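In our numbering, the protein residues as written are 651 to 1267.
We put the CB at the ideal spot given by N, CA and C, even for glycine.
All figures in this text were calculated on a predicted structure; none of them were measured in a lab.
What follows is a short report on a single structure.
So, in structure tokens, the structure goes:
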């Protein structure tokens, strides 16, 4: 009798990677395949708990039937939701539970009807939107095709930012929708702000207790052969908790200056200050791929710290204790607290201390537009000046959020620059409410001299990668500093000898001041590393021309490239990403017979396949 083959869960690999995997294993003998299985198992332990259990005898089988396992899904834009989901899965695995961990775009939605215990960890992007890796899952769950789920038990952990009016918006929608479909909520939805662990930690403990009770599992040690599997590559000791001190190799302005006249060095001042920053990663062991981001830990500018102290009339030299650490208040403000982005909890605390009726009115949940306008237009110091309040040292420190670490798209390929990482940084500066304002992180970077140091770490972005198949064409849409990762893409494709064509759409306000990396793009065109370049400078003529205008003009060719297997990438501001998406919908609809619904399905399919990727912020 021939044994039936073991059923495996659907593959999370996209078509490109399936092709490469087939090439890799083609012709390998048994010992080679066993070695490869151990190697990949070691790599998997670095990233997350395995989705499959390897049982004695080496047979890979499904970890458990749906009714006996916990499924943890995550949707993450910057990596925080992924890390929290991994913590939940690791804790559950350590408690002896059968658990699988999946990114939402790797989850087969047809399995939802058979799930019995589901935890969802998801971040909110912008004003209540899902992260890009969760668009398909969210559309399915909120749409008409979602099944009734009377046997499902679930819990949702949302990660967000209270500097946005619709805090944790997408997690609240998913939580409500699962209940609407008949699923039973086993834990109230968690809503974590930037100080994630204050909410996520207790929520995780409660979720684990619920899972143990529901699955009735007892701790089971891992099989001995699993316990001895070790990764076959070096794992960096540096992380977002412990960043690496990278040396500044170069810090130069790449935005232009408006030409003023024929006199010697007569220029006007450009509106933008955009810097190209090169950092050394030598000796760190840090590795990145084009599309990844570099996280930095900045020091808030002294002028901003002084402004907050002046507005609150507090002494920066006063020692303040928080947790187990005691520092002068000025040092807390410089290195540990968020001083530019506002949050609803702080505004509520400030409204109580100030007694300002107008501020309390802005916090009225029935009038969200007023709060949204305040969050978009005011920094912390503006609120302190506009509504004076009686703050004490301990109270202010407790009310302020922990400092948010900033992520910047890496603008280089290691295959070309070696142990370096390049950034393209727009230095924020403007005048408002009678005072000059600046960006905390961008101002910190702008002030760095060569030889200075920046604490950094790598934040992977696995959904934003060049195609594994170098023969595929790519279309890149990156206005302003959104062009940064595409500099790395073009370098990578050139260094690996990719035969596919590279088409870049770039936009800015003015040609003279905003054409970032102009000489590099011209050289890349000449060397055939870049095959097409379309430009949109919105304010160089009476009628504003935006990057989505250029896309529509080239609509037939864009559609033909997509039909031929091209990958489409967008990087930049959230609003721009929505405009580009709308233009792409129009293009597809115009060339597929005018069916708007089919065009939407087409783009969703591209996202699911990994051929339409966005990095928007």
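Beta-carbon contacts of residue i that lie in its chain and below 6 Å, excluding the five residues immediately before and after
{"i": "residue 720", "result": "742, 747, 749, 767, 861"}
{"i": "residue 810", "result": "774, 817, 818"}
{"i": "residue 1004", "result": "1037, 1039"}
{"i": "residue 782", "result": "1264"}
{"i": "residue 739", "result": "699, 722, 749, 751"}
{"i": "residue 1141", "result": "1063, 1066"}
{"i": "residue 1266", "result": "1224, 1227"}
{"i": "residue 1185", "result": "1156"}
{"i": "residue 1250", "result": "none"}
Beta strand (DSSP E) segment containing residue i, residue limits
{"i": "residue 1179", "result": "Taken as a continuous stretch (DSSP letters only), residue 1179 belongs to no beta strand (DSSP E), as it is neither H nor E."}
{"i": "residue 750", "result": "748-753"}
{"i": "residue 975", "result": "975-978"}
{"i": "residue 767", "result": "767-773"}
{"i": "residue 898", "result": "894-903"}
{"i": "residue 1138", "result": "No beta strand (DSSP E) holds residue 1138; the alpha helix (DSSP H) holding it covers 1134-1145."}
{"i": "residue 930", "result": "924-930"}
{"i": "residue 803", "result": "803-809"}
{"i": "residue 1020", "result": "Residue 1020 -> not in any beta strand (DSSP E); alpha helix (DSSP H) instead, spanning 1018-1027."}
Backbone CA spacing between residue i and residue j [nearest angstrom]
{"i": "residue 1261", "j": "residue 736", "result": "26 Å"}
{"i": "residue 935", "j": "residue 1106", "result": "12 Å"}
{"i": "residue 1117", "j": "residue 1193", "result": "36 Å"}
{"i": "residue 1028", "j": "residue 904", "result": "29 Å"}
{"i": "residue 1255", "j": "residue 946", "result": "34 Å"}
{"i": "residue 758", "j": "residue 772", "result": "17 Å"}
{"i": "residue 1017", "j": "residue 841", "result": "21 Å"}
{"i": "residue 765", "j": "residue 756", "result": "15 Å"}
{"i": "residue 1088", "j": "residue 850", "result": "32 Å"}
{"i": "residue 948", "j": "residue 1034", "result": "23 Å"}
{"i": "residue 1126", "j": "residue 1183", "result": "10 Å"}
{"i": "residue 1021", "j": "residue 1149", "result": "51 Å"}
{"i": "residue 1095", "j": "residue 1233", "result": "35 Å"}
{"i": "residue 1015", "j": "residue 784", "result": "27 Å"}
{"i": "residue 770", "j": "residue 1074", "result": "34 Å"}
{"i": "residue 978", "j": "residue 1201", "result": "53 Å"}
{"i": "residue 1104", "j": "residue 1229", "result": "34 Å"}
{"i": "residue 829", "j": "residue 835", "result": "7 Å"}
{"i": "residue 799", "j": "residue 1145", "result": "50 Å"}
{"i": "residue 1001", "j": "residue 972", "result": "23 Å"}
{"i": "residue 924", "j": "residue 1076", "result": "4 Å"}
{"i": "residue 701", "j": "residue 954", "result": "Its pLDDT being 41, under 50, residue 701 is placed unreliably by the model, and nothing is read from it."}
{"i": "residue 1213", "j": "residue 1219", "result": "15 Å"}
{"i": "residue 910", "j": "residue 1190", "result": "Here the model assigns residue 910 a pLDDT of 45, short of 50, so the residue's position is not dependable and the matter cannot be decided."}
{"i": "residue 926", "j": "residue 897", "result": "14 Å"}
{"i": "residue 1120", "j": "residue 1177", "result": "17 Å"}
{"i": "residue 1054", "j": "residue 789", "result": "30 Å"}
{"i": "residue 968", "j": "residue 1047", "result": "12 Å"}
Cutoff 7 Å; reference residue i; Cβ partners in own chain excluding five residues on either side
{"i": "residue 943", "result": "1057, 1058, 1059, 1060, 1109, 1111"}
{"i": "residue 939", "result": "1115"}
{"i": "residue 1209", "result": "1237, 1238, 1241"}
{"i": "residue 1008", "result": "none"}
{"i": "residue 602", "result": "Here the chain covers residues 651 to 1267 and nothing more, so residue 602 does not appear."}
{"i": "residue 932", "result": "1069"}
CB-CB length for residue i against residue j, believed under 8 Å
{"i": "residue 791", "j": "residue 734", "result": "Going by Cβ atoms, the distance from residue 791 to residue 734 rounds to 20 Å, so no, they are not a contact pair."}
{"i": "residue 901", "j": "residue 1098", "result": "6 Å"}
{"i": "residue 1072", "j": "residue 928", "result": "5 Å"}
{"i": "residue 1063", "j": "residue 1138", "result": "5 Å"}
{"i": "residue 833", "j": "residue 864", "result": "So it is not a contact: roughly 13 Å between Cβ atoms."}
Own chain, CB closer than 8 Å to residue i, minus 5 neighbours either side, in chain order
{"i": "residue 779", "result": "819, 820, 1224"}
{"i": "residue 730", "result": "773, 809, 846"}
{"i": "residue 1253", "result": "1231, 1234, 1235, 1238, 1262"}
{"i": "residue 1187", "result": "1157, 1158, 1159, 1160, 1161, 1164, 1165, 1195"}
{"i": "residue 1257", "result": "755, 782, 785, 786, 1263"}
{"i": "residue 652", "result": "For residue 652, the pLDDT reaches just 40, beneath the cut-off of 50, and the residue's location in the model is therefore unreliable, although a value from the coordinates is still provided. Excluding positions up to five away in sequence, the list is empty."}
Any non-hydrogen atom of the ligand SAH within 6 Å of residue i CB
{"i": "residue 1229", "result": "Annotation note on the ligand SAH: not contained in the displayed structure, which lists no ligands."}
Extent of the continuous alpha helix (DSSP H) to which residue i belongs
{"i": "residue 1000", "result": "994-1004"}
{"i": "residue 1161", "result": "1161-1164"}
{"i": "residue 848", "result": "847-865"}
{"i": "residue 1086", "result": "Not the alpha helix (DSSP H): residue 1086 falls in the beta strand (DSSP E), residues 1085-1088."}
{"i": "residue 821", "result": "819-830"}
{"i": "residue 1241", "result": "1224-1241"}
{"i": "residue 1197", "result": "1197-1203"}
{"i": "residue 738", "result": "730-744"}
{"i": "residue 1252", "result": "1246-1259"}
Check whether the segment 1214-1226 touches the segment 1132-1139, taking contact to mean three or more Cβ pairs, one atom from each stretch, closer than 8 Å. Segments in contact, yes.
With a cut-off of 8 Å, do at least 3 Cβ pairs link the segment 1146-1162 to the segment 1080-1096? Taking one beta carbon from each stretch, the segment 1146-1162 and the segment 1080-1096 have fewer than 3 pairs nearer than 8 Å; the two do not touch.
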